[in-house]
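Protein chains in written order, with our numbering: chain W, 1 to 109; chain D, 1 to 111.
Everything on this sheet refers to the single structure shown next.
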């Protein structure tokens with residue numbers, strides 16, 4: 001059973017647009033919610049993470065929005081660039097990470 | 001990534017043969033993990049270690065075993081490789097069981 005559900009599977013955005021990827025989790029014990037970015041042939045790399053005591057975290061063009069009551073969180077990429085084209089994974093952890101299935105983002109120039 | 005090395009990077013093996021993948025870290029992190037990545041499934045945990053000789057099963061552990069005799073090395077063994085184990089395998093390390101650093105992966109093909 002998948003404890004973290006991610007959508008969409010793939011996303012195409014024009015350069016300068018906003019990319020939005022959503023995740024939902026089931027286990028209310030999760031207390032750490034990271035997003036990972038993966039380029040082809042590379043391992044996933046931590047992009048940004050949030051704890052459930054805050055509703056939003058922003059780092060540069062990347063923002064996590066967190067809704068504890070709905071058990072949902074999302075990644076927003078502002079001013080999307082072709083260099084952002086990658087696969088993005090959400091995850092949730094309580095001492096042991098559970099990953100979503102991934103979203104393949106393509107940013108068209 | 002600096003501090004974590006996986007070997008080999010690519011391997012082709014025959015069905016029924018044993019295969020061992022190696023993960024080596026220079027960060028002295030307590031926790032080490034083996035994941036497999038398959039399209040549509042994301043990353044699924046195979047086994048993890050929380051110290052030397054301390055290991056436990058993940059969600060897809062059948063057909064795999066692990067060993068950790070030193071802090072820096074975590075070995076994943078496929079007892080008798082099957083075509084369903086064709087995948088990309090990632091090792092990860094963590095000092096607190098939260099922030100993970102991943103290696104570059106091993107692409108394994110079982111023919």
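Ideal Cβ positions, reconstructed from N, Cα and C, are used throughout, including at glycine.
Environment of residue i [buried if 16+ CB atoms lie within 10 Å]
{"i": "residue 70/W", "result": "exposed"}
{"i": "residue 102/D", "result": "buried"}
{"i": "residue 8/D", "result": "exposed"}
Chain D residues whose Cβ lies nearer than 9 Å to that of residue i
{"i": "residue 32/W", "result": "98 and 99"}
Contacts that residue i makes with chain D (C-beta to C-beta distance below 8 Å)
{"i": "residue 109/W", "result": "In chain order: nothing, as chain D lies at least about 26 Å away."}
{"i": "residue 95/W", "result": "97 and 98"}
{"i": "residue 89/W", "result": "42 and 43"}
{"i": "residue 46/W", "result": "99, 100 and 101"}
Integer Cβ distance of residue i from residue j, believed to fall under 8 Å
{"i": "residue 87/W", "j": "residue 63/W", "result": "Contact flag wrong, Cβ pair sits at about 19 Å."}
{"i": "residue 65/W", "j": "residue 19/W", "result": "Between residue 19/W and residue 65/W the Cβ distance is about 13 Å, and since that is not below 8 Å, they are no contact."}
{"i": "residue 89/W", "j": "residue 52/W", "result": "Not really, about 19 Å apart at Cβ, beyond 8 Å."}
{"i": "residue 111/D", "j": "residue 15/D", "result": "7 Å"}
{"i": "residue 66/D", "j": "residue 47/D", "result": "4 Å"}
{"i": "residue 106/W", "j": "residue 12/W", "result": "5 Å"}
{"i": "residue 44/D", "j": "residue 35/D", "result": "6 Å"}
Contact list for residue i against chain W, beta-carbon separation under 8 Å
{"i": "residue 104/D", "result": "41, 42 and 43"}
Interface residues of chain W facing residue i [CB-CB closer than 7 Å]
{"i": "residue 40/D", "result": "101"}
{"i": "residue 21/D", "result": "Those do not exist, as residue 21/D stays about 14 Å from chain W at its closest Cβ, beyond 7 Å."}
Proximal residues of chain W, C-beta to C-beta of residue i below 9 Å
{"i": "residue 74/D", "result": "Those do not exist, as residue 74/D stays about 15 Å from chain W at its closest Cβ, beyond 9 Å."}
3-residue-minimum beta strand (DSSP E) runs that sit fully inside the segment 52–92 of chain D, ordered along the chain: Listed in chain order, the complete beta strand (DSSP E) runs (minimum 3 residues) inside the segment 52–92 of chain D are 54–57, 64–70 and 73–78.
Stretch-stretch touch, CB-based, cutoff 8 Å, three pairs: the segment 94–109 of chain D with the segment 83–101 of chain W: yes
Contact the segment 64–83 of chain D vs the segment 21–31 of chain D: 3+ CB pairs below 8 Å: yes
3-residue-minimum beta strand (DSSP E) runs that sit fully inside the segment 18–93 of chain W, ordered along the chain: 19–25, 33–38, 45–50, 56–59, 62–67, 72–77 and 86–93
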